[in-house]
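Sequential numbering from 1 applies to the sequence shown in full-length UniProt numbering. Cβ coordinates follow ideal geometry from the N, Cα and C atoms, glycine included. For clarity, every value in this text was computed on a predicted model and none was experimentally measured.
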Amino acid sequence: NKKCCLILIVACTLIVYSILSNKCLIMRVHGVLNVAEVDHSKTKEILENVTSKHYDPLVRLIPLISWVGIEQRKVETYKDMSSKYLLLGKHSLKPMRRLPDALVIGVKKSGTRALLEFLRLHPDVRAAGSEVHFFDRYYTKGFNWYRKKMPPTLEGQVTMEKTPSYFVTKEVPLRVKQMNPKTKLLVVVRDPVTRAISDYTQAASKKKNRNGMQSFECLAFVGGTGYNVVDTTWGPVRIGVYARHLTKWLRQFPLAQMHFVSGERLIADPASEMAKVQDFLGLKRVITEKHFYFNATKGFPCLMKSEGRSTPHCLGKTKGRNHPFIKPEAIERLREFYRPFNIKFYQ
């Protein structure tokens, strides 16, 4: 009997010990699971914060596995996943040089430089640094040469270049079409009389001996005729006959692929004019009023910031250059000369 009682006591003790041990184990496991759940929620929050942040297009982070799949994994899985956040795939985000999608083809001294600099504010626009002159001077070098002149761009970004002489060079429209018949064309125009004076002013500023340069009036009109006969062979006058040059482009491209920018409005209200340009190029309206301020001294809009520069600055000393005095009779005669061409152009 004593043996049986002893065995019974030992058995009961073992049972109680087992129950208590299992309870402790369950509590420990439950505690671990609670910790895991806390870590789970924190990890989820961290991942959501990371994926919701805005990065430069060059540094976009994406999870390789969707959140639905991640949510059912253990905490250790999240630790592994953090190292699997990578840049977008090499093939889709590798910068490469491409032929341009859009061209600023003219017009000289109408605001083409301002347009391009304003466009550089957009993160999805990349433009060649200087006028390439491929289609009018270096066409024989081939498209591979031209491509190398373009900046590296990502898929989805717009590649551009500006050469104002394209608009007035008769061979260029067909050559551009042969490159890409869907090329978008931007043309900046302004009052042709003001444009001619600006063209003359630029040429005069480059002369070492400015006293030896003829006056604007002498160059714009055939000698000995007063202000009666306009000299249409003189470049600054000829370029302003927009309708004649446009006709050559319309033989190769539909009007829907061309966008005309007002040089005057680009100065007076750059944000409004740039909104239309962004729409034409299929870009989100990123460039707004906040990017510009007006320089009263130069009479020209300046940039609050631009590509590669975070400080306010203007386009350069040549922008807003003072024009020489031109006799009112000469200006009025030139306006009469351009009037029928302007009417045809705007029609």
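Whether residue i touches residue j by CB criterion (7 Å)
| i | j | result |
| --- | --- | --- |
| Arg175 | Tyr146 | no |
| Ile239 | His323 | no |
| Pro263 | Val158 | Contrary to the premise, residue 263 reads as Gly rather than Pro in this sequence. Not in contact: Gly263 and Val158 (Cβ atoms no closer than 7 Å). |
| Ala275 | Arg265 | no |
| Phe337 | Val230 | yes |
| Pro173 | Gln252 | yes |
| Arg190 | Ser272 | no |
| Lys162 | Leu116 | yes |
| Arg333 | Tyr242 | no |
| Arg98 | Thr169 | no |
| Tyr200 | Phe216 | yes |
| Phe300 | His245 | no |
| Pro270 | Phe294 | no |
| Trp234 | Leu255 | no |
| Lys184 | Ala102 | yes |
| Leu121 | Ile343 | no |
| Val104 | Leu186 | yes |
| Pro95 | Met160 | no |
Coarse secondary structure for residue i, derived from DSSP in three states
| i | result |
| --- | --- |
| Glu332 | helix |
| Ile9 | helix |
| Glu45 | Here the model assigns Glu45 a pLDDT of 47, short of 50, so the residue's position is not dependable, and the following value carries that caveat. Here Glu45 sits in helix by DSSP. |
| Gly263 | helix |
| Met274 | helix |
| Val104 | strand |
| Glu217 | helix |
| Arg126 | strand |
| Glu161 | strand |
| Leu86 | Since pLDDT at Leu86 reaches only 35, below the 50 mark, its modelled position is unreliable, and no value is offered. |
| Leu255 | helix |
| His313 | strand |
| Leu246 | helix |
| Lys344 | helix |
| Lys184 | strand |
| Val132 | coil |
| His30 | Since pLDDT at His30 reaches only 47, below the 50 mark, its modelled position is unreliable, and the value read off the structure follows with that caveat. Three-state result, His30: helix. |
| Phe337 | helix |
| Val189 | strand |
| Ile287 | coil |
| Leu119 | helix |
| Ile15 | helix |
| Thr169 | coil |
| Phe280 | helix |
| Gly212 | helix |
| residue 348 | This structure does not reach residue 348, given that the chain is present from 1 up to 347, and the question cannot be answered. |
| Lys327 | coil |
| Val241 | coil |
| Asp199 | helix |
| Lys109 | coil |
| Arg175 | helix |
| Arg321 | coil |
| Ala114 | helix |
When the options are compared against residue i, the one with the closest alpha-carbon
| i | options | result |
| --- | --- | --- |
| Lys149 | Tyr200, Ala128 and Arg195 | Ala128 |
| Met258 | Ile15, Gly106 and Met96 | Gly106 |
| Glu155 | Thr183, His133 and Arg126 | Arg126 |
| Phe345 | Val10, Ala114 and Leu250 | Leu250 |
| Leu283 | Gly316, His313 and Asp124 | Asp124 |
| Asn144 | Val277, Met179, Ala204 and Thr194 | Met179 |
| Val261 | Val277, Gln347 and Ala203 | Val277 |
| Phe118 | Ile343, Cys302, Thr225 and Pro236 | Cys302 |
| Gln225 | His133, Ala330, Leu6 and Ile9 | Going by the sequence as given, residue 225 is Thr instead of Gln. Nearest C-alpha to Thr225: Ala330. |
| Glu171 | His133, Ile326, Arg335 and Ala11 | His133 |
| Arg321 | Ala204, Lys248, Ala11 and Ile15 | Ala204 |
| Gln214 | Met304, Thr311 and Ile326 | Ile326 |
| Arg195 | Cys12, Thr112 and Gly212 | Thr112 |
According to DSSP, residues forming a beta bridge with residue i
| i | result |
| --- | --- |
| Cys302 | Tyr293 |
| Pro152 | Arg97 |
| Lys141 | Looking at the DSSP assignment, Lys141 forms no beta bridge with any residue, so it has no partner. |
| Val230 | Phe221 |
Cutoff 7 Å: residue i Cβ touching any chain D Cβ
| i | result |
| --- | --- |
| Ser272 | Given the protein chain composition of this structure (a single chain), no chain D is represented. |
Whole-Å CB distance - residue i paired with residue j, under 8 Å assumed
| i | j | result |
| --- | --- | --- |
| Lys108 | Ser165 | 7 Å |
| Leu281 | Ala114 | Leu281 to Ala114, Cβ: 16 Å. No contact. |
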